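Let me begin by presenting the structure, written as structure tokens, before commenting on it.
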Amino acid sequence: MNKIVVAIDGPAGAGKSTIARIIANRLQILYIDTGAMYRAVTLELLNKNISIEDIDKIEEILKHIKIDIMDDKVFLNNKDVTHEIRQQVINRTVSSVSAIPQVRKKLVDLQREFARNRSVVMDGRDIGTNVLKDADVKVFLTASADERSVRRYKEILLKGLDANLGEIKNEILARDELDSTRALNPLKKAHDAAVVDTTGKDIEMVVEEILKIIKPKL
Ligand code: CDP
Ligand code: CDP
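In terms of the working numbering, the sequence shown opens at residue 1 and continues consecutively.
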């Protein structure tokens with residue numbers, strides 16, 4: 001198989017990580033969840049009680065931070081934080097942290113390093129427009145805000161936790177707004193990305209639709 005680089009971007013709850021993980025698995029190539037990396041930096045700042053205004057301290061943290069992604073697990077300074085980074089408190093803070101230029105530079109460098117000279121499926125907000133501009137396949141995955149909110153709601157209920165659909169929708173919309181309007185590399189469809197609207201489609205349908213776009217490039 002040729003080397004293949006697939007970039008998947010889109011708003012929260014569109015199904016990026018679910019779909020990207022399955023596609024990487026089917027093609028037997030690496031999957032990188034860049035959102036998890038922004039979440040890990042957010043967790044580190046919260047753990048160390050560092051304000052997002054304190055750029056000096058953030059720069060200091062970024063000099064030493066170690067983020068690894070291995071076998072679907074995320075490690076922050078060698079500690080498995082796969083579950084911790086999905087907390088509500090991270091959902092509420094991550095978009096402000098990801099708008100900080102120093103944070104983006106550090107993580108984008110790392111993402112390009114992870115993808116260097118290998119086949120990869122990478123998902124996020126700025127993969128097709130910035131991180132992997134030369135990707136062979138670019139997909140912009142979307143779904144209605146209502147459907148994205150219900151998906152997240154069901155996920156929380158399945159974990160046996162309490163959830164409020166209205167609050168989830170507000171959090172998702174607030175995050176989409178911040179992510180789409182930030183100055184540096186906002187969430188945006190790349191001009192050469194295929195739009196895949198997943199509203200009303202199950203996971204397998206979406207996987208098949210994207211594999212059809214990828215297959216001719218293999
Ligand atoms: O899974 P979900 O769509 O809720 O979010 P995520 O992919 O884990 O991303 C969390 C946050 O990280 C996003 O809301 C963005 O603020 C930020 N992010 C980013 O700025 N650029 C990326 N390439 C990926 C994520
Ligand atoms: O990564 P992103 O925030 O874009 O979304 P995700 O975490 O992959 O997907 C959010 C939820 O929607 C998951 O529970 C998926 O199983 C579900 N999903 C779905 O129900 N139908 C799809 N076509 C895609 C995802």
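For glycine and all other residues, C-beta sits at the position ideal for the given N, C-alpha and C.
Given the structure is predicted, the values throughout are model-derived calculations rather than measurements.
When DSSP states are grouped into helix, strand and coil, T82 belongs to the coil group. When DSSP states are grouped into helix, strand and coil, G13 belongs to the coil group.
Note that the stretch 116 to 124 does not touch the stretch 175 to 183; fewer than 3 beta-carbon pairs, one per stretch, sit closer than 8 Å. In the DSSP assignment, K73 falls within the beta strand (DSSP E) that extends over K73 to L76.
The DSSP assignment places 145 to 158 as complete runs of the alpha helix (DSSP H) inside the stretch 123 to 165, in order along the chain (cut-off: 4 residues).
Just so you know, the alpha carbons of H64 and E113 end up roughly 17 Å apart.
S149 has its CB no nearer than 7 Å to any heavy atom of ligand 1. Closest option to D54, judged by alpha-carbon separation, among G166, I23 and Q102: Q102. Around the CB of G10, 16 or more other CB atoms lie within 10 Å, so the residue is classed as buried. Exclusion of the five residues before and after A14 leaves L141, T142, A143, R148 and T198 as the residues of its chain whose Cβ lies within less than 8 Å of its Cβ.
Contact check for T42 against V94 passes: the beta carbons are separated by less than 8 Å. In this structure, the beta-carbon distance from V139 to I32 does not fall below 8 Å. Ranked by Cα distance from K159, the options A145, K201, A99 and H83 are led by H83.
Distance between K169 and S96, taken at the CA atoms: about 18 Å. Relative to the non-hydrogen atoms of ligand 1, the Cβ of D146 never comes closer than 7 Å to any of them. Its Cα nearest to that of R21, the residue I69 stands out among I69, S51, E60 and A40.
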